[in-house]
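S.K.: Those protein sequences? They're chains A and Y, same order as listed. Just add 1 to wherever you are in the first sequence, counting from 1, and you've got this note's numbering. Just add 6 to wherever you are in the second sequence, counting from 1, and you've got this note's numbering. Please see the structure below; I have some questions.
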Amino acid sequence: MKHNFDVAYIIASLPALLEGLRMTIIVSAISITLAIAIGIAGASVRIFNTPVFALLARGYVEFIRNTPLLVQIFFIFFGLPALGLKLSVFWSGTVALTIWGGAYNIENIRGGFLSVSKGMREAAEALGIDRLRYLWLIALPLGLRVAIPSVLNTSISVLKNSAYLQAIGLAELTFVAMDKLSLDFRTLEMFAAIGCIYLGLVLSLSWAVRRAEWALQRPFRTE
Amino acid sequence: MALLLDNLGFFLSGLEFTIRLALLTLVCAIVVSVLIGLMSVSQWRALRVAALCYVEFWRDIPLLVNLLFIYFGAPLVGVPLKPFTAALLSLTLWGGANGAEIVRGGINAIGQHQFASATALGLKRWEIYRYVVLPQALMPILPPMTGLCTTLVQATSLASLVGVNEFFRIAQIVVERTTMQSGHSPAFLVYGFALMVYFAICSALTWLSRYFEQRLQKTGHSAVAAPRGFKESA
Numbered sequence: 002m003k004h005n006f007d008v009a010y011i012i013a014s015l016p017a018l019l020e021g022l023r024m025t026i027i028v029s030a031i032s033i034t035l036a037i038a039i040g041i042a043g044a045s046v047r048i049f050n051t052p053v054f055a056l057l058a059r060g061y062v063e064f065i066r067n068t069p070l071l072v073q074i075f076f077i078f079f080g081l082p083a084l085g086l087k088l089s090v091f092w093s094g095t096v097a098l099t100i101w102g103g104a105y106n107i108e109n110i111r112g113g114f115l116s117v118s119k120g121m122r123e124a125a126e127a128l129g130i131d132r133l134r135y136l137w138l139i140a141l142p143l144g145l146r147v148a149i150p151s152v153l154n155t156s157i158s159v160l161k162n163s164a165y166l167q168a169i170g171l172a173e174l175t176f177v178a179m180d181k182l183s184l185d186f187r188t189l190e191m192f193a194a195i196g197c198i199y200l201g202l203v204l205s206l207s208w209a210v211r212r213a214e215w216a217l218q219r220p221f222r223t224e
Numbered sequence: 007m008a009l010l011l012d013n014l015g016f017f018l019s020g021l022e023f024t025i026r027l028a029l030l031t032l033v034c035a036i037v038v039s040v041l042i043g044l045m046s047v048s049q050w051r052a053l054r055v056a057a058l059c060y061v062e063f064w065r066d067i068p069l070l071v072n073l074l075f076i077y078f079g080a081p082l083v084g085v086p087l088k089p090f091t092a093a094l095l096s097l098t099l100w101g102g103a104n105g106a107e108i109v110r111g112g113i114n115a116i117g118q119h120q121f122a123s124a125t126a127l128g129l130k131r132w133e134i135y136r137y138v139v140l141p142q143a144l145m146p147i148l149p150p151m152t153g154l155c156t157t158l159v160q161a162t163s164l165a166s167l168v169g170v171n172e173f174f175r176i177a178q179i180v181v182e183r184t185t186m187q188s189g190h191s192p193a194f195l196v197y198g199f200a201l202m203v204y205f206a207i208c209s210a211l212t213w214l215s216r217y218f219e220q221r222l223q224k225t226g227h228s229a230v231a232a233p234r235g236f237k238e239s240a
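Structure, rendered in structure tokens:
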């Protein structure tokens with residue numbers, strides 16, 4: 002085993018790594034989208050205090066936020082078949098990340114909804130606007146604007162934490178890298194490569210967060 | 007149920023590892039946090055930039071990749087690490103980066119005029135930090151620091167992947183062994199049990215964090231906000 006840093010090795014393994022990256026992005030994209038949907042639904046039942054559902058949403062958020070994601074992934078992949086719910090590696094991973102991200106998004110979006118002033122709600126009620134239309138026409142456009150930075154932060158975490166799925170054998174970026182590592186022992190090269198890829202992904206997404214924050218504040222800026 | 011009771015001692019040994027790892031990490035991470043946090047409010051630009059790079063680097067790379075890198079990368083520089091040490095090091099570097107942001111928030115929450123007044127009164131720089139900053143910053147950073155404990159406890163479960171015999175690894179071993187012996191997998195029961203145990207520990211810590219926050223609000227102060235994306239990190 003040589004200890005010199007071999008750039009050619011990284012270039013040679015790029016096709017495999019990009020294949021892994023593709024899987025990372027697919028899983029993350031599906032999970033992020035579904036997690037936002039869960040967030041909106043959960044936050045809605047919480048602000049309207051819908052009986053039973055509000056309580057369920059609260060329990061769900063507390064439970065997910067106070068347990069490790071890795072254990073959740075194992076529970077879904079290895080544990081759920083006992084109930085007759087057998088999911089593939091891909092779907093177990095996607096479901097786990099979705100459920101996890103959804104819990105954080107409920108809190109993020111609820112925070113956004115709470116920032117919409119009470120007067121709006123009262124005015125909507127006085128005008129006879131029903132709850133669904135209040136949600137769609139008033140709470141979402143105003144509240145989501147406030148919530149978007151934190152929702153995007155949660156989305157970044159979903160992307161980063163998709164690396165945990167290598168533990169159940171999903172062929173995403175980290176899994177591919179570890180697989181190559183066990184064959185060629187090019188530790189430094191592999192970690193430099195995936196480190197840069199993750200860093201690039203996360204930094205460009207957080208740049209997008211800052212851009213989004215700036216653009217969303219535009220209507221409220223005075224200059 | 008009988009399965010859980012039969013392996014109770016085994017589970018407890020794992021839990022001991024988890025708690026020991028979490029506590030050791032916490033102590034080390036606090037030291038790193040204070041160091042990097044002070045660097046990030048330093049007068050020297052170079053120190054501030056170094057602190058920023060440190061924080062961004064460890065927070066932006068998945069914790070799992072960080073852990074695997076330290077565990078598999080350490081032999082390359084001639085110091086093979088035991089799984090426990092590798093996990094401790096990795097969690098400390100990462101926890102330190104998150105903690106540093108909290109410490110920085112605590113120091114920044116103190117008005118600039120206080121620094122100016124203290125300097126005008128002839129206090130030396132370390133005296134300002136000891137007698138002006140420390141007493142005021144300590145309480146507001148307590149709630150997010152307790153939040154950091156919760157995240158650290160959850161993060162220790164990753165150590166199972168490099169072979170530390172902590173609680174979750176024990177759960178995996180029990181599942182594998184029982185599956186081999188009896189032919190059907192007790193994963194639902196055992197991993198469900200693991201979830202419950204983590205839930206009990208972490209909700210107690212979350213509750214403590216809220217308690218600190220409420221006590222703080224009673225005195226008219228507000229807690230330091232947790233750094234962006236930090237609660238979701240593990």
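For each residue, glycine too, the CB sits at the ideal point set by N, CA and C. Only a predicted model underlies this, so the values are computations on that prediction, with no experimental measurement involved.
1) Are the C-beta atoms of Pro68 of chain Y and some chain D residue less than 8 Å apart?
2) Compare the C-beta of Leu18 of chain Y with all C-beta atoms of chain A and state if any pair is closer than 8 Å.
3) At what residue ranges does the segment 92-167 of chain A contain a whole run of the beta strand (DSSP E), taking only runs of 3 or more?
4) Using beta-carbon positions only, say whether Ile26 of chain A and Gly103 of chain A come within less than 8 Å of one another.
5) By alpha-carbon positions, which one of Y:Gly189, Y:Ala92 and Y:Val138 ends up nearest to Asn114 of chain Y?
6) Going by Cα to Cα distance, which pick from Y:Asn13, Y:Phe23 and Y:Phe121 is closest to Asn171 of chain Y?
7) Run down chain Y in chain order and give the residues with a C-beta less than 8 Å from the C-beta of Met121 of chain A.
8) Just the Cα atoms here: how many angstroms apart are Met2 of chain A and Leu74 of chain Y?
9) Checking contacts by CB at 8 Å: is Ile110 of chain A closer than that to chain Y?
10) Do Ser32 of chain A and Leu98 of chain A count as a contact pair if the criterion is CB distance below 8 Å?
11) I'd like the span of the alpha helix (DSSP H) that includes Asn114 of chain Y, first residue to last.
12) Looking at the secondary structure, which residues open and close the alpha helix (DSSP H) in which Ala232 of chain Y lies?
13) Could you tell me which chain Y residues have their CB closer than 9 Å to the CB of Met24 of chain A, listed as they occur along the chain?
14) Quick check: the segment 88-95 of chain Y against the segment 23-32 of chain Y, are there 3 or more CB pairs under 8 Å?
15) Taking the alpha helix (DSSP H) that Glu172 of chain Y falls in, what are its first and last residues?
16) Let's see if you can read the secondary structure: which residues bound the alpha helix (DSSP H) around Lys130 of chain Y?
17) Looking at Leu10 of chain Y: is its Cβ nearer than 8 Å to the Cβ of Phe199 of chain Y?
18) Whether or not the segment 67-76 of chain A and the segment 204-213 of chain Y are in contact is what I'm after, with contact meaning three or more pairs of Cβ atoms, one per stretch, closer than 8 Å; do they touch?
19) Classify Lys161 of chain A as buried or exposed, calling it buried when 16 or more other Cβ atoms lie within 10 Å of its own Cβ.
20) Give me, in chain order, the residues of the same chain whose beta-carbon lies closer than 8 Å to that of Val203 of chain A; leave out the 5 immediate sequence neighbours on both sides.
21) Alpha carbon to alpha carbon, how far is Arg132 of chain A from Ile74 of chain A? Give it in angstroms, no decimals.
22) With 7 Å as the limit, tell me which residues of the segment 145-157 of chain A have their beta carbon closer than that to any beta carbon of chain Y; keep them in chain order.
23) Count the C-beta pairs between the segment 139-156 of chain Y and the segment 102-119 of chain Y that are closer than 8 Å, then say yes if the count reaches three, no if not.
24) Would Ile169 of chain A and Arg111 of chain A qualify as a contact pair, given that the criterion is a beta-carbon distance under 8 Å?
M.R.: Inspection of the coordinates gives the following:
1) Although the question refers to chain D, the structure presented lacks it and instead comprises the protein chains A and Y.
2) By 1-based counting over the second sequence, the position of residue 18 of chain Y is 12. By this cut-off, Leu18 of chain Y is not an interface position.
3) none
4) Stepping through the first sequence from its first residue, residue 26 of chain A is reached at position 25. Stepping through the first sequence from its first residue, residue 103 of chain A is reached at position 102. No, they are not a contact pair.
5) One-based indexing of the second sequence puts residue 114 of chain Y at position 108. Closest option to Asn114 of chain Y, Cα to Cα, is Y:Val138.
6) Sequence index remark: in the second sequence, residue 171 of chain Y carries index 165 (1-based). Out of Y:Asn13, Y:Phe23 and Y:Phe121, Y:Phe23 has the C-alpha closest to the C-alpha of Asn171 of chain Y.
7) Taking the first residue of the first sequence as position 1, residue 121 of chain A is located at position 120. Going along chain Y, no residue has its Cβ under 8 Å from Met121 of chain A, so there is no contact; the nearest lies around 25 Å.
8) Position 1 of the first sequence, counted from the start, is the residue given in the question as residue 2 of chain A. Position 68 of the second sequence, counted from the start, is the residue given in the question as residue 74 of chain Y. Confidence is the limiting factor: at Met2 of chain A the pLDDT is only 49, short of 50, which leaves the residue's position unreliable and the question unanswerable from this model.
9) Residue 110 of chain A sits at position 109 when you count from the first residue of the first sequence. Taking Cβ atoms only, chain Y never reaches closer than 8 Å to Ile110 of chain A, which makes this a no.
10) For the purposes of this step, residue 98 of chain A is identified with residue 97 of the first sequence, where counting begins at 1. For the purposes of this step, residue 32 of chain A is identified with residue 31 of the first sequence, where counting begins at 1. Yes, the Cβ-Cβ distance between Leu98 of chain A and Ser32 of chain A is below 8 Å.
11) By one-based count along the second sequence, residue 114 of chain Y stands at place 108. Here the alpha helix (DSSP H) through Asn114 of chain Y covers Pro89 to Asn114.
12) Walking along the second sequence from the start, residue 232 of chain Y turns up at place 226. Run containing Ala232 of chain Y: none; DSSP gives neither H nor E here.
13) Counted from its first residue, the first sequence places residue 24 of chain A at position 23. The premise fails here: Met24 of chain A is roughly 15 Å from chain Y at the closest Cβ pair, so nothing lies under 9 Å.
14) yes
15) Counting from 1 along the second sequence, the entry for residue 172 of chain Y is found at position 166. Per DSSP, Glu172 of chain Y belongs to no alpha helix (DSSP H) and is neither H nor E.
16) Against the second sequence, residue 130 of chain Y aligns to sequence position 124. Per DSSP, Lys130 of chain Y belongs to no alpha helix (DSSP H) and is neither H nor E.
17) Here the question's residue 10 of chain Y lines up with position 4 in the second sequence. Here the question's residue 199 of chain Y lines up with position 193 in the second sequence. Against a cut-off of 8 Å, the Cβ pair of Phe199 of chain Y and Leu10 of chain Y comes out as a contact.
18) yes
19) Residue 161 of chain A sits at position 160 when you count from the first residue of the first sequence. With 16 or more other Cβ atoms within 10 Å, it is buried.
20) Along the first sequence, read from residue 1 onward, the residue named residue 203 of chain A stands at position 202. The residues are Ile157, Leu160 and Lys161.
21) Working through the first sequence from its first residue, we reach residue 74 of chain A at position 73. Working through the first sequence from its first residue, we reach residue 132 of chain A at position 131. Spanning the two alpha carbons is a distance of roughly 36 Å.
22) Asn154, Thr155 and Ile157
23) yes
24) To locate residue 169 of chain A, count along the first sequence from 1; it is residue 168. To locate residue 111 of chain A, count along the first sequence from 1; it is residue 110. The answer is no: Cβ separation not under 8 Å.
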